[in-house]
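Visitor: This structure is in structure tokens; I'll ask about it shortly.
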Amino acid sequence: MMFDLQYLRRLTETAAPAKNLAEVLAKAEALEKLSLEEVASLLAVTDAEDLAQIRQSGFRVKQEVFGPRVVLFAPLYLSNRCINNCLYCGFRAGNRERQTRTLSPEEAAAEAGHLAQLGYQRLLLVTSEHPDTGADYLEAVVRAIYERAAIRILHLNAPPMSQSNLRRLKEAGLGVYQVFQETYDPECYRELHPSGPKADFSRRLAVMDDAIAAGFDDVGLGVLLGLHHHRFEALATVAHSYYLRDRYHLNPHTLSVPRLRPAEGSPITTPPAPVSDPEFLKIVALYRLAVPTAGVVVTTRESKETREQALGAGASQISAGSRTDPGGYSEEGKTSQFEVEDRRTLEEVILDLVAAGHLPSLCTACYRSGRTGVRFAEMAGAGEIAAFCQSNAILTLAEYLAAHSSDGRFAQAEAMLQHLLEEIPDQKLRQSLARKLEEAQAGARDLHY
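To convert a position in the sequence shown, counted from 1, into my numbering, add 3.
As structure tokens, then:
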């Protein structure tokens, strides 16, 4: 076993709230690695004032590592045909109410093109598990989108597959490979996944090792909060992250925090282990403190209000305008994987982020400049990535405004860009960025550092 689940269970059950909270938080804010025992002690905290301190520390670490930027993306669901029978999912094989659909590579490219016109530059491809949507299909989709749509980077959430197939997909141009363990408790996992390839707990747990061996230096982890006790799940996610760091010198590129939502045709109508809003926000902050260089991702499963609070606890990436049914961006879908809570458009999310003092980012520059994997983690941990993040976020927001702003509704965003430019202390960078900003405002595209 790559890490001791029994020990994590005992630690979850016995850990007391951190008595030296200020000391542990100071260690995290110095970007020093927390022990699993320290992580467990933070997860055990329930006092409202202490929870507020944890959230504040999470936000400070996020600002230190990434600056004010918040990365925006959209998921692109490719297929809801599935041979698994996950009891919480609307795509499950046993859901007789679902209407199945698989996008052709051409249809996927058309969906991506529609999203590109709205301003998106990065997409997360999502597919269920079926013989017709394996590596051959996914490679064709990836190549079709890059050839036909102005999307700059594609990430993938897809079932485990062989190293050779993963290598093909990496060579096709994918960035992050993401697989959620769903739950790290083997017994709970077996109960919730009664049939299909996904029923194999160990296969799923080992897929990140296979992905890294296949050339993916950016991988994404996550559990589905609400299936099992949240303290154990969060601690196990951190332990998995530490395992990847210790063995491969790679931090997870993303840590996602999806909470279980109702799904049409699912026999699970309420979470078996509900996660309250304070507990959810604690996990967001905890992931930021324990794995400071990871992108902590909060999706449209959460409400606008909860997502705003999560940004204040250390989240750094959010989806916007999401549809969870294949073809859902260009037409009304029939079967979604789960209910979406935050239905704001990309434009509305950008306006709200700016109003709250966040810098919306559509950046994909690190993938174009080789700042991935170990290099990205080292630069982020040394405080060297924030300047790139801010400069590139400014340029991508300027590019978005040039294409979509004509009636003054983005005046606050335009003022933010000017203010951030003036605040850059490095004169050479400030002058260089000012020139690029003028080019972007004049219609130039894909300017980056």
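Even glycine gets a Cβ: it sits at the ideal position worked out from N, Cα and C.
Closest to Ala297 by C-alpha separation, out of Glu441, Leu404, Phe379 and Ser38, would be which residue?
Guide: Out of Glu441, Leu404, Phe379 and Ser38, Phe379 has the C-alpha closest to the C-alpha of Ala297.
Visitor: Would you call the region 5-19 and the region 36-50 in contact, with 3 or more CB pairs under 8 Å?
Guide: yes
Visitor: What's the C-alpha gap between Leu75 and Leu349?
Guide: 8 Å
Visitor: If the criterion is Cβ atoms closer than 9 Å, does the pair Leu90 and Glu194 meet it?
Guide: Contact annotation: Leu90 and Glu194 have beta-carbon atoms nearer than 9 Å.
Visitor: Helix, strand or coil for Phe413, going by three-state DSSP, please let me know.
Guide: DSSP, read as helix, strand or coil, puts Phe413 in coil.
Visitor: Please give me, in chain order, every unbroken run of the alpha helix (DSSP H) with length at least 4 that falls completely inside the region 326-360.
Guide: 349-358
Visitor: What does Thr130 pair with, by DSSP beta-bridge criteria?
Guide: Ser82
Visitor: Can you have a look at His3 and say buried or exposed, based on whether 16 or more other CB atoms are within 10 angstroms of its CB?
Guide: Here the chain covers residues 4 to 452 and nothing more, so residue 3 does not appear.
Visitor: Can you tell me whether Leu10 is buried or exposed? The criterion is at least 16 other CB atoms within 10 Å of its CB, across all chains shown.
Guide: The question names Leu, yet the displayed sequence has Tyr at residue 10. When all chains shown are included, Tyr10 counts as exposed.
Visitor: Unbroken beta strand (DSSP E) runs of length 3 or more, entirely within the region 232-279: which are they?
Guide: With a minimum length of 3 residues, the unbroken runs of beta strand (DSSP E) contained wholly in the region 232-279 fall at 257-259.
Visitor: Is the beta carbon of Thr257 sitting closer than 9 Å to the one on Val287?
Guide: no
Visitor: Let me know if Pro3 comes out buried or exposed under the rule of 16 or more other beta-carbons within 10 Å of its beta-carbon.
Guide: Nothing can be reported for residue 3, as the shown portion of the chain is limited to 4 through 452.
Visitor: Residues in the same chain with beta-carbon distance under 7 Å from Glu100, minus the five sequence neighbours each way, listed in chain order, please.
Guide: So the qualifying residues of the chain are Glu267 and Gly268.
Visitor: What did DSSP end up calling Thr49 once you bin it into helix, strand or coil?
Guide: Coil, per DSSP.
Visitor: Please classify Asp220: is it buried, with 16 or more other beta-carbons within 10 angstroms of its beta-carbon, or exposed?
Guide: buried
Visitor: Judging by CA-CA distance, which residue of Leu362, Gly218 and Leu127 is the nearest neighbour of Phe413?
Guide: The shortest CA-to-CA distance from Phe413 to any of Leu362, Gly218 and Leu127 is the one to Leu362.
Visitor: Roughly how many angstroms lie between the CA atoms of Val68 and Asn98, to the nearest whole one?
Guide: 43 Å
Visitor: Find the nearest neighbour of Ser408 within the set Met5, Ile86 and Leu121, judged by alpha-carbon distance.
Guide: Leu121
Visitor: In terms of DSSP beta bridges, what is Leu177 paired with?
Guide: Leu157
Visitor: Helix, strand or coil for Arg72 per DSSP?
Guide: strand
Visitor: I want to check one thing, is the minimum distance from the CB of Glu334 to the heavy atoms of the ligand MN below 8 Å?
Guide: Judged by which ligands are present, the structure shown has none, so any question about the ligand MN falls away.
Visitor: On the criterion of 16 or more Cβ atoms from any shown chain inside 10 Å, does Asn23 qualify as buried, or is it exposed?
Guide: exposed
Visitor: Evaluate Glu402 with the Cβ neighbour count: other Cβ atoms within 10 Å of its Cβ, from every protein chain shown; 16 or more gives buried, anything less gives exposed.
Guide: buried
Visitor: What are the boundary residues of the alpha helix (DSSP H) that includes Ser372?
Guide: Ala368 to Ser372
Visitor: Around the Cβ of Gly360, are there at least 16 other Cβ atoms within 10 angstroms (buried) or fewer (exposed)?
Guide: By the neighbour-count criterion, in which a residue is buried when 16 or more other Cβ atoms sit within 10 angstroms of its Cβ, Gly360 is exposed.
Visitor: How would you call Asp7, buried or exposed, if buried means at least 16 neighbouring beta carbons within 10 angstroms?
Guide: exposed
Visitor: Pull the bridge partners of Leu224 from the DSSP assignment, please.
Guide: Its beta-bridge partners are Leu258.
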